[in-house]
Amino acid sequence: MPYLLKYIKKQIMKIEDAIFGRFHKRIEPMQKLMSFYKCALMEVETKFKVLNEEFSFLHERNPIDSIKTRIKSVDSIRKKLRQRHLTLSVNSVEKNLYDIAGIRIICPFINDIYILADCLIGQDDITLFEKKDYIANPKKNGYRSLHLIVEIPIFLQNEKRYVKVEVQLRTIAMEFWANLEHRIRYKKDIDKKLANELAIELTDCAEMSKMLDLKMQNINKRIDK
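Note that the sequence shown covers residues 714 to 938 in our numbering.
Written out as structure tokens, the structure is:
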């Protein structure tokens, strides 16, 4: 009986995947939804570029070192819906997933992160849905970053749509640490014992990274004075 249930579940998943795959290949509705996310990303990216340019003019330095954007793949969307036991449908994607469109802002200093976040949230066409401050309250493994979920309007040919975008702001040191942690976590052939040892070392590195950010910020303040 357990084998039969497992077999039935597997067949249902295959059918769901096939249906979801057809949605992706059609212009309507999945590809259209993904185009909305791309447009929203362009809007948010432009906002940060404008802020960077204004800050550069006023303070003779840039608060943004680099900007990275990404749209989740259909496979990643499918996996996330399944992990959360949600319906594999376009409506379910739009209603339940807030990180389809993501933008990462890499800053030289911690202060820059909060200044940029406040400037973005303060704009009258931006609605803040969620804020998670992993800089003030790092994760147990040492991860630090400021996460925002914002909603922004995009103006299309015959309509206005509101789309959610995930914004991550972090320093260069935080980005360096996060990239290394991600590499270790997703490396398939790494020994479990070694992975645990590296995780402990990474936690120590996170603390050193934090101290480096604070020292660099203090030096910058002294320069400004």
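We put the beta carbon where it would ideally sit given N, CA and C, even for glycine.
Determine the burial state of residue i: buried for a count of at least 16 other Cβ atoms within 10 Å of its Cβ, exposed for fewer.
| i | result |
| --- | --- |
| ARG739 | Note that ARG739 scores a pLDDT of 49, beneath 50, so its modelled location is shaky and nothing firm can be said. |
| MET887 | buried |
| SER922 | buried |
| LYS853 | exposed |
| ASP917 | exposed |
| ILE818 | buried |
| ILE903 | exposed |
| ASN804 | exposed |
| VAL863 | buried |
| ASP892 | Reading off the sequence, residue 892 comes out as Asn, not Asp. Answer is exposed; the Cβ neighbour count stays below 16. |
Would you report the Cα separation of residue i and residue j, rounded to the nearest angstrom?
| i | j | result |
| --- | --- | --- |
| ILE780 | THR800 | 33 Å |
| LYS905 | PHE768 | 46 Å |
| ILE826 | LEU861 | 11 Å |
| LEU907 | ILE777 | 35 Å |
| LEU810 | LYS938 | 44 Å |
| LEU882 | ILE913 | 24 Å |
| VAL806 | PHE761 | 26 Å |
| ILE897 | PRO851 | 19 Å |
| GLU920 | ASN871 | 51 Å |
| PHE749 | VAL876 | 7 Å |
| LYS845 | LEU859 | 6 Å |
| ASN824 | GLU741 | 43 Å |
Taking Cβ to Cβ, would you say residue i is nearer than 8 Å to residue j?
| i | j | result |
| --- | --- | --- |
| ALA753 | VAL880 | no |
| TYR856 | GLU894 | yes |
| THR884 | CYS820 | yes |
| PHE770 | ASN933 | no |
Identify the residues that DSSP records as bridge partners of residue i: which are they?
| i | result |
| --- | --- |
| CYS752 | Paired residue(s): none; CYS752 is not in a bridge. |
With a threshold of 8 Å, are at least 3 pairs of Cβ atoms found where one atom belongs to the segment 837 to 844 and the other to the segment 786 to 804?
no
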